[in-house]
Amino acid sequence: MAKKNKRDVNAFSRFWEFIFNFIVGIFAFMCVFPFAFVIIISFTDEQTLAQNGYSIFPEKWSLAAYEYIIQSGDQLVQSYGVTILVTVVGTLISLFLISTFSYAISRRDFKYRNFFSFLAFFTMLFNGGLVPTYIVISQFLGLKNSIWALIFPLAINAFYVLVMRTFYRTTVPEEMIESGKIDGAGEFRIFFQLVLPISLPGLATVGLFSTLAYWNDWFNALLYIDDPSLVPLQSMLMRIETSMQFIASNSQLSSSVGLLSSLPQDTARMAMVVLATGPIVLAYPFFQRYFVQGLTVGSVKE
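Right under this line is the structure:
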């Protein structure tokens, strides 16, 4: 009788496991399908798309959209390099500044923690505006047409500072810090050897958001970058999109009719999405690994 009940329980568990997996699978498909559909459209012939509309299985495939974008040649590769450099260096600088600042104001024995917390919170409510920021970056700091003009404006985010401060307070126990002091460790050694290893989930989250901010940034390049060799990927794709819109809006000109007929407008937009999103999508699993690693690292057993 006991064996029969055990088999019934196992069958019931497998049934609900199948149901839950099926629901999660549908949700995952709903998340992945839009991006996959964008990739399909980017490889669709422009004339076929205009005649038949969007389709999962287009009648004619084409690489015209990617060929049109790749016509920029070395500029595309150079823009990719600038974006990758800005993203990697900027994320590392951002993580260092945010993690150290938030750790300092999370310590209850830091005398001025409330003052610096207020400074971070104040910048979330008020800022100098675009004109003073431009003057500081371009004239006072002299960063115009410099790679640092793409890094410093996004180096620290007050919201991420407050998030990490809360993370330290709820995750890092005071007993661990006290034990480090008893063993003779200084503040930097406690931070780098004791605090950071158990703070990987918070650091991975902030790092992911910072990476996305640097990778998708085009506005700072619009303000501070005139040198073509320093134009990032998003800004370059935006300029291609602007030129396409200009040609389309002036199609009544006799010199533009032939060019407009061969211009892959909709498919090129989708190809831009693929080129701009693809690398960051491929990089996400590396952040996911640090999420899992951080969640499995133990701290203090009481």
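Just so you know, the sequence shown maps onto residues 3 to 304 in this note's numbering.
Here a beta-carbon is modelled for each residue, glycine too, at the ideal position from N, C-alpha and C.
Mapping the DSSP letters down to three states, classify W63 as helix, strand or coil. strand
Measure from the alpha carbon of P230 to the alpha carbon of each residue in Y82, F20, E48 and E19, then state which is nearest. Y82
Grab the span of the alpha helix (DSSP H) containing K146 for me, first residue to last. Note, K146: premise wrong, no alpha helix (DSSP H); not H, not E.
Assuming A223 and L152 are in contact, meaning their beta carbons sit under 8 Å apart, how far apart are those beta carbons, in whole angstroms? 6 Å
By Cβ distance, which residues of its chain are closer than 8 Å to P155, with the 5 residues on each side in sequence left out? T135, I139 and N222
Limits of the alpha helix (DSSP H) - the one that D76 falls within: D76 to S108
With C-beta atoms as the reference, is K146 less than 8 Å away from Y226? yes
When the Cα of E48 is compared with those of Y286, F22, I107 and A273, which residue comes out closest? A273
If you check the beta carbons only, do Y170 and Y68 fall under 8 Å apart? no
Buried or exposed by the 16-neighbour rule on C-beta atoms within 10 Å, applied to N159: buried
Report all residues from its chain with a CB closer than 6 Å to the CB of S64; omit the five preceding and five following residues, and keep chain order. D47
Heavy atom of the ligand MG within 7 Å of M238 beta-carbon: This structure lacks the ligand MG; in fact it carries no ligand of any kind.
Would you tell me roughly how many angstroms separate the C-alpha atoms of N218 and A278, rounded to the nearest one? 8 Å
Bounding residues of the alpha helix (DSSP H) (the contiguous stretch that carries V165): A160 to T173
Restricting to Cα atoms, I'd like to know which of V26, I72 and S101 is closest to F190. S101
Here's a check: name, in chain order, each residue in its chain whose Cβ is nearer than 6 Å to the Cβ of S96, leaving out the five neighbours to either side. A157 and S212
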